[in-house]
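Please read the structure below before turning to the comments.
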Amino acid sequence: MTPRSAAEIRRAVASREMTAVEVCRAALARVEALNQTLNAFITIDAERALARAQAIDANPDPTLPLLGVPVAVKDNICTRGLRTTAGSRVLEDYVPPYDATVIERLTAAGAVLIGKTNCDEFAMGSSTEHSAFGVARNPWAQDRTAGGSSGGSAIAVATGMTPIALGSETGGSVRQPAALCGVVGLKPTYGRVSRYGLIAFSSSMDQVGQFGATVGDVATLLQALAGPDAHDATAASRPVDDYPSALARGVTGLRIGVPRALLGDGVESGVAAAVTAALDELRRSGATLVDVALPHARYATATYTIVNTAEASSNLGRYDGVRYGYRAADATTLQDLYLRSRAAFGKEVKRRLMLGTYVLSGGYYDAFYAKAQAVRALLRQDYEQAFTRADVIAMPTSPTTAFRLGARLDDPVQMYLADVFTSSANLTGLPALSVPCGFSEGLPVGLQLTGRAFDESTLLQAGAAYESRTTWASERPGRA
Amino acid sequence: VSFTSEDVRRLAALARLELSPAELDDFTRQFADILELVRQVEDVQSATTGDLSLEHVLPPSPPVREDEVQPSLDLGGRQFKVPRVLNG
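These protein sequence lines map, in sequence, to chains G and F. If you count the first sequence from 1, you need to add 5 to reach the numbering used here. If you count the second sequence from 1, you need to add 6 to reach the numbering used here.
Here it is, written out as structure tokens:
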């Protein structure tokens, strides 16, 4: 039986109780057994994974924090020599000539890349239904969404295919699928982790996020990835905390802010009950609950919709059939080449590119994009105010549990509202963590904690304290 | 908020996208709803210009480092050798 957590795997490989090859084979077998049903992976890299594991076994360095640990990576993060599709037909055959910085750092930490995971096309979606490579399914209920856009990575961790995984966040794309699949998900502060090699969607918000079955594994993973990068000018140069050392600090005296006014509407009763119980547990553990107000948070979805579509319409201009990706074969003029090549985009991407074009167009820029930027700054001020009273802010990660596949496909506004509690952290750049906090009608619920900029330590500290007093982290989907 | 199929057609042309008749119908219907959502920001009373504190979410901090020569692409004669990105 393969150990479940990255920490246990690292220990077993370092002490030679297990070989990295054994661990790798077990992970690949699990992927083989489950992927047909759940569609978590777009590309499985078995051969190179085994070769990498063999190289580790030949010379295992016990100081490496992820020695021999299998990892799954969202398919919008570039991997040298391994196709990287971003869930799109446009990049179906794209094989990057370089590794993203996060891939280099995973490799340096001793991790073994198993494959590339399914996601909404160019990370645009909250259900992994907008993938050109088929719908991903929630391991707790296969007629339901795994969340998105990093649904495949969440499934990989929830089912024990890999103990840790990378995703990307623009409006909640790690935290929301983590909540819906019952695993831990982190969106670090904007700038904490390099984005070199992350396929751009909305550059003022995009950030690489981490999945793990435990808070401790997420702390170890973040430690391996965080820090400045000469290839990414948006990667912050400030020193990186020692995240694992924060895990055992407990929550005695910690002030947890609860924006109660925000939580009235649209939160499923089972989600509200689980989150309330989690807050009670944190209070019994020594934390203090305080009321905070985030008056501009109600504009988060509107603001997020403006900003992400505007930036996407600019970023995805590069997919024109000339330089990157799919090129239509039968075009006769340049205009024709653009139109026919860009026909390979899926419906949600087209929808966002058009909306983005609209909000940036003459006469609307001030009303929408400039206004949205001002709302972001006001929202940031709300959080700064709240952090004078509280050390972290708690709310549900998602207002609902996993919804049924297809239920929101024809209603984009309902789909966008899946991010109602998560997008604030992206708009403001703040770090946020989702930890499993129970179930509602058999489906996982996530508790979200948002922290001060670059204070991932306090989030991990609170998350670990909560996790240590509950058994949610050991609950696994039965049928998977 | 009204959004006609002609508006959608015009936007598609600006975004260099070709829409099927079904997409045109769906987007025309859905854009009215989405526009209603994004117009919520109009309720926020704030300046959109002139107030510098509202122009940047994060304090701009230009990254600076020593200007040192770093390894770059291999030189082949007078040309750079770049990684292969096309098949064949």
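Glycine included, C-beta positions come from ideal geometry on N, C-alpha and C. Treat the numbers as computed from the prediction; the structure is a model and nothing was measured.
Interface residues of chain G facing F/P89 [CB-CB closer than 8 Å]: Sequence index remark: in the second sequence, residue 89 of chain F carries index 83 (1-based). The contacting residues are P102, Y103.
Close Cβ partners of G/A25 (< 6 Å) along its chain, the five nearest in sequence each way excluded: For the purposes of this step, residue 25 of chain G is taken as residue 20 along the first sequence, with counting starting at 1. Here the set comprises V18, A58, I61, D62, G73.
The beta strand (DSSP E) enclosing G/M400, as first and last residue numbers: Walking along the first sequence from the start, residue 400 of chain G turns up at place 395. That run of the beta strand (DSSP E) goes 397–401.
Short CB-CB distance (under 8 Å) between F/S52 and chain G: Position 46 of the second sequence, counted from the start, is the residue given in the question as residue 52 of chain F. F/S52 counts as touching chain G.
Reduced DSSP secondary structure (H/G/I, E/B, other) of G/L287: Position 282 of the first sequence, counting from 1, holds the residue named residue 287 of chain G. Helix, per DSSP.
Proximal residues to G/R260 (C-beta, below 6 Å), its chain only, five neighbours per side dropped: Reading the first sequence from its first residue, position 255 is the one you call residue 260 of chain G. So the list reads T293, V295, A395, D396, once near-sequence residues are dropped.
Chain F contact residues for G/R347, given Cβ-Cβ distances below 7 Å: On the first sequence, position 342 is the one that residue 347 of chain G refers to. Result: R22, L23.
CB contact below 8 Å: G/Y369 versus chain F: Locating residue 369 of chain G in the first sequence gives position 364, where the first residue counts as 1. It does not; no Cβ of chain F falls within 8 Å.
Cutoff 8 Å: G/F5 Cβ touching any chain F Cβ: Because chain G in this structure spans residues 6 to 485, residue 5 of chain G falls outside the shown range and cannot be described.
Proximal chain F residues relative to G/L267, where beta-carbon distance stays under 9 Å: Locating residue 267 of chain G in the first sequence gives position 262, counting from the first residue. Within chain F, no residue comes near G/L267; the closest Cβ sits about 15 Å away, beyond 9 Å.
Minimum Cβ-Cβ distance from F/E12 to chain G less than 8 Å: By 1-based counting over the second sequence, the position of residue 12 of chain F is 6. Not one chain G Cβ lies under 8 Å of F/E12.
Range of the contiguous alpha helix (DSSP H) that encloses G/C186: Along the first sequence, read from residue 1 onward, the residue named residue 186 of chain G stands at position 181. Per DSSP, G/C186 belongs to the alpha helix (DSSP H) from 180–186.
Status (buried if at least 16 other CB within 10 Å, exposed otherwise) for G/T64: Reading the first sequence from its first residue, position 59 is the one you call residue 64 of chain G. The amino acid at residue 64 of chain G is misidentified as Thr; the sequence shows Asn. It is exposed - the Cβ of G/N64 has fewer than 16 other Cβ atoms within 10 Å.
Distance, F/L79 Cα to F/D73 Cα: Taking the first residue of the second sequence as position 1, residue 73 of chain F is located at position 67. Taking the first residue of the second sequence as position 1, residue 79 of chain F is located at position 73. F/D73 and F/L79: Cα-Cα distance of roughly 18 Å.
Alpha-carbon to alpha-carbon, G/Y471 and G/R289: Position 284 of the first sequence, counted from the first residue, corresponds to residue 289 of chain G. Position 466 of the first sequence, counted from the first residue, corresponds to residue 471 of chain G. Near 10 Å, if we compare the C-alpha coordinates of G/Y471 and G/R289.
Nearest neighbour of G/G115, chosen from G/V189, G/V28, G/D246 [CA to CA]: In the first sequence, the residue the question calls residue 115 of chain G occupies position 110. Looking at the Cα atoms, G/V28 is the closest of the given residues.
Complete alpha helix (DSSP H) runs within the stretch 226–258 of chain G (minimum length 4 residues, chain order): none
Near-chain F residues of the stretch 303–323 of chain G - C-beta to any C-beta below 7 Å: Y304, T306, A307, T308, T310, I311, S318
G/G214 versus G/G361 - alpha carbon distance: In the first sequence, the residue the question calls residue 214 of chain G occupies position 209. In the first sequence, the residue the question calls residue 361 of chain G occupies position 356. Answer to the nearest angstrom: the Cα atoms are 25 Å apart.
Segments of 4+ residues assigned as alpha helix (DSSP H) that fall wholly inside the stretch 27–95 of chain G: 51–63
DSSP-derived helix/strand/coil call for G/A17: Here residue 17 of chain G is taken as the residue at index 12 of the first sequence, counted from 1. The answer is helix: DSSP assigns G/A17 an H, G or I state.
Interface flag, G/A437 vs chain F, CB-CB below 8 Å: Mapped onto the first sequence, residue 437 of chain G falls at position 432. Judged by the 8 Å Cβ criterion, G/A437 is not in contact with chain F.
Chain-ordered chain F contacts of G/Y421 [CB-CB under 9 Å]: For this step, residue 421 of chain G is matched to residue 416 along the first sequence. Chain F residues near G/Y421: I40, L43.
Those runs of the beta strand (DSSP E) which lie wholly inside the stretch 19–45 of chain F and span at least 3 residues: none
Any chain G beta carbon closer than 8 Å to F/Q85: The sequence position of residue 85 of chain F within the second sequence is 79, counting from 1. By this cut-off, F/Q85 is not an interface position.
Own chain partners of G/L383 with C-beta closer than 8 Å, once the 5 adjacent residues on each side are dropped: For the purposes of this step, residue 383 of chain G is identified with residue 378 of the first sequence, where counting begins at 1. H301.
Which residues DSSP lists as bridging G/K376, in chain order: One-based indexing of the first sequence puts residue 376 of chain G at position 371. Paired residues: none, contrary to the question.
Coarse secondary structure for G/N143, derived from DSSP in three states: The residue labelled residue 143 of chain G in the question sits at position 138 within the first sequence. Three-state DSSP puts G/N143 in a strand.
Nearest to G/S473 (by Cα), restricted to the options G/Q340, G/A283, G/A399: If you number the first sequence from 1, residue 473 of chain G lands on position 468. The residue with the shortest Cα to Cα distance from G/S473 is G/A283.
Below-8 Å beta-carbon distance, F/E74 vs any chain G residue: The sequence position of residue 74 of chain F within the second sequence is 68, counting from 1. Judged by the 8 Å Cβ criterion, F/E74 is not in contact with chain G.
Three CB pairs or more closer than 8 Å across the stretch 375–394 of chain G and the stretch 157–169 of chain G: no
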